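Engineer:
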Amino acid sequence: MIGEKWDVEFHCLRTARQPEEKLVIGTMDRADISFANLLTIKAGLCYGTRDYLYYKNRCGNDRATYEELDILKNLDDVIGNMEHEKKIRILLTSEELQKRSVPITPLKRSRVNESDDDEDGMDEEEKEEEEGDDFELDAYKDWLMAESSETGNTYILSLVH
Numbered sequence: 021m022i023g024e025k026w027d028v029e030f031h032c033l034r035t036a037r038q039p040e041e042k043l044v045i046g047t048m049d050r051a052d053i054s055f056a057n058l059l060t061i062k063a064g065l066c067y068g069t070r071d072y073l074y075y076k077n078r079c080g081n082d083r084a085t086y087e088e089l090d091i092l093k094n095l096d097d098v099i100g101n102m103e104h105e106k107k108i109r110i111l112l113t114s115e116e117l118q119k120r121s122v123p124i125t126p127l128k129r130s131r132v133n134e135s136d137d138d139e140d141g142m143d144e145e146e147k148e149e150e151e152g153d154d155f156e157l158d159a160y161k162d163w164l165m166a167e168s169s170e171t172g173n174t175y176i177l178s179l180v181h
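With our numbering, the residue at position 131 of the sequence shown is 151, and numbering never jumps.
1) What are the start and end residues of the beta strand (DSSP E) that includes LYS106?
2) Can you tell me the Cα-Cα spacing of ASN101 and GLU40, whole angstroms?
3) By Cβ distance, which residues of its chain are closer than 6 Å to THR68, with the 5 residues on each side in sequence left out?
4) How about PHE30: is its C-beta nearer than 7 Å to some C-beta of chain D?
5) Does ASP90 come out as helix, strand or coil in the three-state DSSP assignment?
6) For GLU134, which of helix, strand or coil comes out of DSSP?
7) Could you tell me which of LEU33, THR35, SER54, LEU43 sits nearest to ARG99, measuring between CA atoms?
8) Assuming contact is defined by CB atoms lying nearer than 7 Å, are TYR86 and ARG109 in contact in what I supplied?
9) Return the Cβ separation of LEU111 and LYS76 in integer angstroms, given the expectation that the two are a contact with Cβ distance under 8 Å.
10) Would you report the Cα separation of ARG83 and ILE124, rounded to the nearest angstrom?
11) Between ARG70, GLU88, GLU105, ASP90, which lies nearest to ALA36 when the distance is taken from Cα to Cα?
12) Per DSSP, what kind of secondary structure is LYS62 in: helix, strand or coil?
Okay, here's the thing in structure tokens:
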């Protein structure tokens, strides 16, 4: 557990104290992920005690629900749900969410070898399709980082001691 790095994303919606929507991305040691530390980061991002703290809980491959994270919600359960991704997505907002189900990027499926003849179990067409998907995803990530740096709405936050 100590030394295990997790990605933490804070999507900060507009409030009276926070006039601009932004995305704050950081890395934390698993041992440092606690409700108290999340509240400290929340306060540092100009959100108060009455503002809402949600986490994105994956439901299936391409849907997620925002679930309120509070002192009664066991953070260990949340972390257990995200263990395979090692990423926690937090939403900060001053208003209670009405729509809690949202579409998300599907998880990549692992391929199962289907043939002894072909080393990875895929024919040429499947290989080209997968390479195309990877290229599109990489191009999107590059575009997103370029767009974020132009608008100034994405921030990289150092959360490691």
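Beta carbons: idealized from backbone N, C-alpha and C, even for Gly.
If you're wondering where the values come from, they're calculated on a predicted model, not measured in any experiment.
Structural biologist: With the given structure in hand:
1) Per DSSP, LYS106 belongs to no beta strand (DSSP E) and is neither H nor E.
2) 30 Å
3) Before going further, note that residue 68 is Gly rather than Thr in the sequence given. There are no such residues.
4) No chain D is part of this structure, which consists of one protein chain only.
5) coil
6) Residue confidence is low: GLU134 scores 45 on pLDDT, short of 50, so the model does not pin down where it sits. Its coordinate-derived value is still stated next. Residue state, collapsed to three classes: coil.
7) The sequence as given places Ile at residue 99; Arg does not occur at that position. Nearest option by C-alpha distance: SER54.
8) no
9) 7 Å
10) 5 Å
11) ARG70
12) helix
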